[in-house]
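In this text, residue positions in the sequence shown follow this note's numbering: the first is 75, and each later residue adds one.
Yeah, the Cβ is synthetic: ideal placement off N, Cα and C, and Gly gets one too.
Values in this document were obtained by computation on a predicted structure and should not be read as measured data.
Below: the structure, in structure tokens.
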Amino acid sequence: MQPKKHSFTKADTIKVIDLGYTIKSSSPLSFEKFLKKEFPNFNLVKLLEEVETTFTPTTKLAISRTIYYQDTPPKLRVLYSNNFTKDEEALIFDREFVKSVKGVEINHSYCVIPETHQKKGLVKTIFRASLQEYVNMGAKKINVHAGLSGGGHVWARHGFVAVDPAEVQVILDNAQKRLKTAEFAPVKGIFDKYYKDYPAGKAFPMILWAKIDFMKDILRGSDWHGEVDLKNKEQFTNFMEYVFRK
Numbered sequence: 075m076q077p078k079k080h081s082f083t084k085a086d087t088i089k090v091i092d093l094g095y096t097i098k099s100s101s102p103l104s105f106e107k108f109l110k111k112e113f114p115n116f117n118l119v120k121l122l123e124e125v126e127t128t129f130t131p132t133t134k135l136a137i138s139r140t141i142y143y144q145d146t147p148p149k150l151r152v153l154y155s156n157n158f159t160k161d162e163e164a165l166i167f168d169r170e171f172v173k174s175v176k177g178v179e180i181n182h183s184y185c186v187i188p189e190t191h192q193k194k195g196l197v198k199t200i201f202r203a204s205l206q207e208y209v210n211m212g213a214k215k216i217n218v219h220a221g222l223s224g225g226g227h228v229w230a231r232h233g234f235v236a237v238d239p240a241e242v243q244v245i246l247d248n249a250q251k252r253l254k255t256a257e258f259a260p261v262k263g264i265f266d267k268y269y270k271d272y273p274a275g276k277a278f279p280m281i282l283w284a285k286i287d288f289m290k291d292i293l294r295g296s297d298w299h300g301e302v303d304l305k306n307k308e309q310f311t312n313f314m315e316y317v318f319r320k
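Take a look at the structure:
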């Protein structure tokens, strides 16, 4: 995937507003100047248009759209959400872009669509569009908290690695309680090998557990913090292969 150049302009800001977004800020900079300075080459309009095309038809409820940006630290948040009253109706796209001396990191806070539209590849469509923009801006890392219903398995399949050994241990302990001895053996083997090679490792390959059928329900109910290091070839490739897989 090759980076693409884009210069965010006043016309782009108008397009964002026309899509229905309210832009709020504590920064003295205009929105276009802020984006060009802190997140260069980010074609936000293209990403938001993809969200509209892909997600908006999944709900008949009213949708609120808000963008927040600030200077210290440089941060941009996009919040798109319907006014749901039942969890199964929820439609939420929540992304936070944060810039530090380490580079740009993106927090995938929520990406939830109504149950009746799940498993249709809609989320992958947004991830593909998102990944292109992350590459464009030279982002370093994507962060997630896999705590939503089913999220633990989804993020593991996407190639996110677990950063907290204690959280991985909790999942392993749960697997030991719920799986048969023969089923648990390969699960424990993956755990042991990784932490033998990397005793203080903060990049446990959850994707290996996600490939084991009987770990699906265990991972669906798991709670862990993960990341994809976009500068790590293996992690980037795992993530890209999953989101582009048909």
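C-alpha distance - Lys84 paired with Glu106, whole-angstrom precision
Taking the sequence shown and counting its residues from 1, one reaches residue 84 at position 10. Taking the sequence shown and counting its residues from 1, one reaches residue 106 at position 32. The straight-line gap from Cα to Cα measures roughly 6 Å.
So, Val261 versus Ile286, is the Cβ gap smaller than 8 Å?
For the purposes of this step, residue 261 is taken as residue 187 along the sequence shown, with counting starting at 1. For the purposes of this step, residue 286 is taken as residue 212 along the sequence shown, with counting starting at 1. With contacts defined as CB atoms closer than 8 Å, Val261 and Ile286 qualify as a contacting pair.
Closer than 8 Å by C-beta to His299: which residues in its own chain qualify, once you throw out the five before and the five after it? Chain order, please.
Within the sequence shown, residue 299 is the residue found at index 225, counting from 1. Counting only Cβ-Cβ distances below 8 Å, and skipping sequence neighbours, we find Asn217, Val218, His219, Ala220, Ala236, Val237, Asp238, Glu241.
Output yes or no for whether 8 Å exceeds the beta carbon distance between Val125 and Phe167.
Here residue 125 refers to the residue found at position 51 when the sequence shown is read from its first residue. Here residue 167 refers to the residue found at position 93 when the sequence shown is read from its first residue. Yes. Within cutoff.
At which residue ranges does the segment 135-192 contain complete alpha helix (DSSP H) runs of 4 or more residues, listed in the order of the chain?
As far as the segment 135-192 is concerned, it has no whole alpha helix (DSSP H) run of at least 4 residues.
Look up Ile216 in the DSSP assignment and say whether it is helix, strand or coil.
Looking up residue 216 in the sequence shown gives position 142. DSSP places Ile216 in strand when its eight states are reduced to three.
Give me the DSSP bridge partner(s) of His299.
Counting from one through the sequence shown, the residue named residue 299 turns up at place 225. Answer is His219.
What's the call for Arg319, buried or exposed, on a 16-neighbour Cβ count within 10 Å?
As a working note, residue 319 is residue 245 in the sequence shown. The residue is exposed, with fewer than 16 neighbouring Cβ atoms inside 10 Å.
Arg202 to Val317, Cα distance in whole Å?
Working through the sequence shown from its first residue, we reach residue 202 at position 128. Working through the sequence shown from its first residue, we reach residue 317 at position 243. Going by the C-alpha atoms only, they are around 6 Å apart.
Look at the alpha carbon of Ser100 and the alpha carbon of Thr159, and state the distance between them as a whole number of angstroms.
For the purposes of this step, residue 100 is taken as residue 26 along the sequence shown, with counting starting at 1. For the purposes of this step, residue 159 is taken as residue 85 along the sequence shown, with counting starting at 1. Spanning the alpha carbons of Ser100 and Thr159 requires a straight line of approximately 31 Å.
Measure how close the beta-carbons of Leu135 and Glu163 come, nearest whole angstrom, since I'm counting them as under 8 Å.
If you number the sequence shown from 1, residue 135 lands on position 61. If you number the sequence shown from 1, residue 163 lands on position 89. Between Glu163 and Leu135 the Cβ distance is about 7 Å, and since that is below 8 Å, they are a contact.
Taking all protein chains shown into account, decide if Tyr175 is buried (16 or more other Cβ within 10 angstroms of its Cβ) or exposed.
Locating residue 175 in the sequence shown gives position 101, counting from the first residue. For clarity, residue 175 is Val in the given sequence; the question names Tyr instead. That one is exposed.
Could you work out which residue in Ala274, Leu103, Val90, Leu153 is closest to Ile137 when comparing CA atoms only?
Residue 137 sits at position 63 when you count from the first residue of the sequence shown. For the residues Ala274, Leu103, Val90, Leu153, the minimum Cα distance to Ile137 belongs to Leu153.
Integer Cβ distance of Leu304 from Lys214, believed to fall under 8 Å:
Taking the sequence shown and counting its residues from 1, the one referred to as residue 304 is at position 230. Taking the sequence shown and counting its residues from 1, the one referred to as residue 214 is at position 140. Rounded, the Cβ-Cβ distance is 6 Å, consistent with contact.
Measure the alpha-carbon distance for Tyr208 versus Arg169 and round it to whole angstroms.
Residue mapping note: residue 208 aligns to position 134 of the sequence shown, counting from 1. Residue mapping note: residue 169 aligns to position 95 of the sequence shown, counting from 1. Going from the Cα of Tyr208 to the Cα of Arg169 covers about 12 Å.
Three-state secondary structure assigned by DSSP to Lys78
The residue labelled residue 78 in the question sits at position 4 within the sequence shown. In the structure shown, the three-state DSSP call for Lys78 is coil.
Contact belief for Lys173 with Pro131 at Cβ below 8 Å, rounded distance in angstroms
Here residue 173 refers to the residue found at position 99 of the sequence shown. Here residue 131 refers to the residue found at position 57 of the sequence shown. That pair is no contact at about 33 Å.
DSSP-derived helix/strand/coil call for Ala277:
Residue numbering aside, residue 277 sits at position 203 when the sequence shown is read from its first letter. In this structure, Ala277 counts as coil in the three-state DSSP scheme.
Quick one: give me the first and last residue of the beta strand (DSSP E) that Lys307 is part of.
Counting from 1 along the sequence shown, the entry for residue 307 is found at position 233. Annotation: Lys307 is outside any beta strand (DSSP E); the continuous alpha helix (DSSP H) that includes it extends over 307-318.
Buried versus exposed, by CB contacts within 10 Å (16 or more), Asp86
By 1-based counting over the sequence shown, the position of residue 86 is 12. Buried, since its Cβ has 16 or more Cβ neighbours within 10 Å.
Whose C-alpha, out of Ile141, Phe108, Glu257, Ser104, is nearest the C-alpha of Leu122?
Walking along the sequence shown from the start, residue 122 turns up at place 48. Answer by Cα proximity: Ile141.
Own chain, CB closer than 8 Å to Gly275, minus 5 neighbours either side, in chain order
Numbered from its first residue, the sequence shown carries residue 275 at position 201. Same-chain partners within the cutoff: Pro239, Tyr268, Tyr269.
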